[in-house]
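The block underneath contains the structure these notes are about, expressed in structure tokens.
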């Protein structure tokens with residue numbers, strides 16, 4: 127009986143081992159099922175996260191494009207301001223030059239007019255003195271003289 131007992135024991139051991147294996151198999155099946163569920167859930171979360179990342183990347187690209195455009199606009203604005211500043215300085219410089227030229231021209235014009243009037247007075251005085259001593263009709267009849275082309279001076283009774 128020894129052999130039978132041994133077989134029985136072996137069968138019981140085998141049965142016990144088989145039951146444990148089946149239980150382990152069932153437990154592993156449950157773990158696998160649970161893992162598949164978790165895997166699906168994680169996969170879904172990963173896909174959602176990837177979609178969110180894609181949207182965030184698009185927003186980042188939009189922001190970068192807007193930033194580049196803003197920088198370009200600022201550069202253009204800065205260039206316009208610099209050009210306007212240069213133009214303003216140039217206009218101010220031209221204004222000062224023109225004002226200076228006008229001032230110089232007025233001074234020259236006034237100096238020239240004064241010189242012409244002085245020549246006219248000198249000529250008139252010289253002419254009056256000459257006429258005073260040489261013209262017998264001077265006391266009675268007013269005389270007109272053309273001085274420097276188109277100015278007329280009336281000489282009457284010793285006044286110019």
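Numbering (our numbering), first residue to last: 127 to 286.
The beta carbon of each residue, even a glycine, is placed where N, CA and C say it ideally should be.
What is the rounded straight-line gap between the Cα of residue i and the Cα of residue j?
i           : j           : result
residue 158 : residue 180 : 32 Å
residue 223 : residue 238 : 22 Å
residue 235 : residue 227 : 12 Å
residue 170 : residue 154 : 23 Å
residue 128 : residue 136 : 12 Å
residue 210 : residue 183 : 40 Å
residue 241 : residue 204 : 54 Å
*Ignoring anything shorter than 4 residues or poking outside the stretch 141 to 203, list the alpha helix (DSSP H) runs there in chain order.*
Listed in chain order, there is nothing to give.
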